[in-house]
Amino acid sequence: MVMRDRTDLVTDTNNLSLLDEHNVVGSLEVPSPGARRPSRWPPLFLISVLLVLQLFLSSSTIVFAGDLASQLVSEATRLKLLQKEISFSFKLPDGTVVEHLSDRARAPASCMKLIVAAACLDQLGAHHLLQTNLMRMGPVQDGVLEGDLLVVGGGDPAICGRENKDDPLWELRPWCAQIRSQGIKRIRGRILADVRYLEGPAVHPDWPVEQLLRWYCAPSGALNLNDNCIDVVIGPVIEGDVRIKIRPPQPLVRVRSTLVPCVNKKDHLYRVDRRGNGWEIFVSGKFLNTSGVRTEWVTVPDPADNFVSIFLQMLRDSGIEVSGVNIPGASRAVPIASIKHSLGSRLPVMLKNSQNLYADSLARVLAKVRGGDGSFSSAADELLRWIQKRFKHTDEIVIRDGSGLSRNNRLTANVLRQVVELGLVSDWGSTLFDSLPLAGIDGTLEKRLVKTPLQGKVRAKTGTINGVVSLAGILDSDQGPVPFCLIYQGRRGRTSAARDWQDRTLLRVHRALLNATPGRNEQ
């Protein structure tokens, strides 16, 4: 355990007076020279008194911080967590830092998304546009486009049905109308994708191979549609048959099902698979006949092929014929339509829902805008440069991806706490904090700290992978915001205990601050 006072922080304290540094005196009223009376006390005596007072107050602060840090560690050991498995760092409103192993680099899990959000806001701004463009490559003659349609990707992860859950393709439908508005009834060429904006593989080599079909391992690229997943809608059971459909309609996908209905709840067990880089989806097992409708999400093997295939089907369904002839490229591309989203508008999904695709996509976009190639490795390099530029004690930091899915990422509780501090003093901070889950209210904190004094008073990013549970954000106290980070990394199977420790720790800090406030006390 280490206790640091505010002189060890990144912020500049050179202009703070000796007394003001510990909030002992706000200001001193000094009379004019003419009104000043001779002092009864020698100047050296007064200086000695002030130094003793300063030493006493500093010692009190350190004792308080030390006691609180010990209490927070005790909360963990009572839950059978080991001291070496936990790290934490709190900055109290008076500037005192309460911490334990806060400079030990650990896997942050999805708290990595806090780094991505802050770095993007700090370097690109909330109003940076993520844009996907539709171009025609050729002239239009007698209702026929003598060339190709080209979809140019810009890394936007958010063309999906989140704003219209009944139709995941609602943002693409106006494109069909805009094509017809240019007098195009037939496209003699092909539907092509330009995905050069982001280079490199669509999935990270650190990710677990056996889980790549799961939604949280979705590939990312310059073109993304429906979170790069196929929704497999299972049920209801009608006349002894388990109905299965996919959404959105994808001509490349074939569903093979051996799923059968069952009447006993204990027999209800099914699985959905996609093998390798194929487009076949396999559904097997037993499905309870009273289960109604369940939706599972399976990743697509190639985001660009997914986008183009679905859009091609949409065009044909809307009455626009596509011949698919290979026509030599036109010398000029003519814009037809575009989809635009601001970076800031994408953060709530990324942070409240902990959407991995969004984090990896935005990290790659950041790298591209900053001069990289938009690959995972360039994104990692850019995030690390930003951390090293903004914060101290970063020698052991390792960045591998933006989502935190890689087990090889390494951050410290100290750095994550300082990221939150940076948000508190930056003009983009409100965008960041409004996008975080709110305890007991929404997102991944919806069911935590419910019916406690901290419901609605903690905004924080959660993180969970096997053997890791992290939490970083702000606690809203009566004295002011308290930036914090708590990380558990250790034995597997301790997720519930680690979350319990985090919640108890936040409540303990809240009580300590209340009890330290004159006239306030909470047992």
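Per the working numbering, the very first residue in the sequence shown carries number 479; after that it's consecutive.
In this text, a Cβ means the ideal position worked out from N, Cα and C, and glycines have one as well.
Report the partner residues of Pro813 according to the DSSP bridge assignment.
Within the sequence shown, numbered from 1, the residue matching residue 813 stands at position 335. Pro813 pairs with Met613.
Figure out for me which residue from Pro729, Val618, Gly770 has the closest Cα to the Cα of Pro714.
Numbered from 1 along the sequence shown, position 236 holds the residue referred to as residue 714. If we check each option's Cα against that of Pro714, Gly770 comes out closest.
To the nearest angstrom, how far is it from the Cα of Phe962 to the Cα of Leu701?
Locating residue 962 in the sequence shown gives position 484, where the first residue counts as 1. Locating residue 701 in the sequence shown gives position 223, where the first residue counts as 1. C-alpha separation (whole angstroms): 36 Å.
Which residues in the same chain as Gln588 place their Cβ atom closer than 6 Å to its Cβ, once the five residues preceding and following it in sequence are excluded?
What you label residue 588 is simply residue 110 of the sequence shown in a count that begins at 1. Reading off the sequence, residue 588 comes out as Ser, not Gln. In its chain, beyond the 5 residues on either side, Ser832, Gly882, Gly941 have a beta carbon closer than 6 Å to the beta carbon of Ser588.
Based on DSSP bridge pairs, tell me the residues matched to Ser948.
For the purposes of this step, residue 948 is taken as the residue at position 470 of the sequence shown. Gly941, Ile965.
CB-CB under 8 Å to Arg674, same chain, minus the five flanking residues each way: which ones, in chain order?
Translated into the one-based positions of the sequence shown, residue 674 becomes position 196. Ala700.
How is Phe566 classed by DSSP in three states: helix, strand or coil?
Mapped onto the sequence shown, residue 566 falls at position 88. DSSP places Phe566 within a strand segment (E or B) once states are collapsed to three.
Measure from the alpha carbon of Asp610 to the alpha carbon of each residue in Pro727, Asp873, Ile814, then state which is nearest.
The residue given as residue 610 occupies position 132 in the sequence shown. Reading off the sequence shown, one finds Thr at residue 610, where the question assumed Asp. Selected option, being the one with the closest Cα: Ile814.
Hey, how far is the Cα of Gln532 from the Cα of Leu546?
Stepping through the sequence shown from its first residue, residue 532 is reached at position 54. Stepping through the sequence shown from its first residue, residue 546 is reached at position 68. Reliability fails at Gln532, whose pLDDT of 46 lies under 50, so the model's placement of it is uncertain and no value is given.
Separation of Arg640 from Ile475, as counted between CA atoms:
Missing from the structure shown is residue 475; the chain here goes from 479 to 1001 and no further.
Using the Cα positions of Gly621 and Ile788, report the straight-line distance between them to the nearest angstrom.
Here residue 621 refers to the residue found at position 143 when the sequence shown is read from its first residue. Here residue 788 refers to the residue found at position 310 when the sequence shown is read from its first residue. One alpha carbon belongs to Gly621, the other to Ile788, and they sit about 23 Å apart.
Residue closest to Asp905, alpha-carbon to alpha-carbon, out of Gly822, Lys939, Val893
The residue labelled residue 905 in the question sits at position 427 within the sequence shown. Looking at the Cα atoms, Gly822 is the closest of the given residues.
Starting from Arg824, follow the alpha helix (DSSP H) in both directions and report where the run begins and ends.
The sequence position of residue 824 within the sequence shown is 346, counting from 1. Arg824 -> alpha helix (DSSP H) spans 821-830.
Through-space distance from Asp572 to Asn501, alpha-carbon basis:
Position 23 of the sequence shown holds residue 501. Position 94 of the sequence shown holds residue 572. Model confidence at Asn501 stands at a pLDDT of 30, short of 50, so the residue's coordinates are unreliable and nothing is read from them.
Selected residue, minimal CA-CA separation from Ser856, among Gln957, His682, Gly901
Working through the sequence shown from its first residue, we reach residue 856 at position 378. For Ser856, the nearest C-alpha among the options comes from His682.
CA nearest to the CA of Arg895, picked from Arg885, Thr909, Arg937, Asn886:
If you number the sequence shown from 1, residue 895 lands on position 417. When C-alpha distances from Arg895 are compared across Arg885, Thr909, Arg937, Asn886, the shortest belongs to Arg937.
Can you tell me whether Glu874 is buried or exposed? The criterion is at least 16 other CB atoms within 10 Å of its CB, across all chains shown.
Stepping through the sequence shown from its first residue, residue 874 is reached at position 396. The residue in question, Glu874, is exposed, as its Cβ has fewer than 16 Cβ neighbours within 10 Å.
When we look at the beta-carbon of Asp645 and count the other beta-carbons within 10 Å, is it buried (16 or more) or exposed?
For this step, residue 645 is matched to residue 167 along the sequence shown. Classification for Asp645: exposed.
May I have the straight-line CA-CA distance separating Arg982 from Arg556, to the nearest angstrom?
The residue given as residue 982 occupies position 504 in the sequence shown. The residue given as residue 556 occupies position 78 in the sequence shown. Linking Arg982 to Arg556 through their CA atoms gives a straight-line distance of about 11 Å.
Quick check on this structure: which residue in Gly616, Leu612, Gln619 has the alpha carbon closest to the alpha carbon of Val630?
Here residue 630 refers to the residue found at position 152 when the sequence shown is read from its first residue. Nearest C-alpha to Val630: Leu612.
Residue from Gly625, Pro781, Val741, Thr773 with nearest C-alpha to Asn764:
For this step, residue 764 is matched to residue 286 along the sequence shown. What sits at residue 764 in the sequence shown is Lys, not Asn. The residue with the shortest Cα to Cα distance from Lys764 is Val741.
Pull up the CB-CB distance for Asn886 and Val876, whole angstroms please, since I reckon it's below 8 Å.
Residue 886 sits at position 408 when you count from the first residue of the sequence shown. Residue 876 sits at position 398 when you count from the first residue of the sequence shown. Correct: roughly 6 Å between the Cβ atoms.
Straight-line CA distance for Asp600 to Arg721?
On the sequence shown, residue 600 is found 122 positions in, with the first residue counted as 1. On the sequence shown, residue 721 is found 243 positions in, with the first residue counted as 1. The straight-line gap from Cα to Cα measures roughly 48 Å.
Which of helix, strand or coil DSSP assigns to His605:
Translated into the one-based positions of the sequence shown, residue 605 becomes position 127. Coil.
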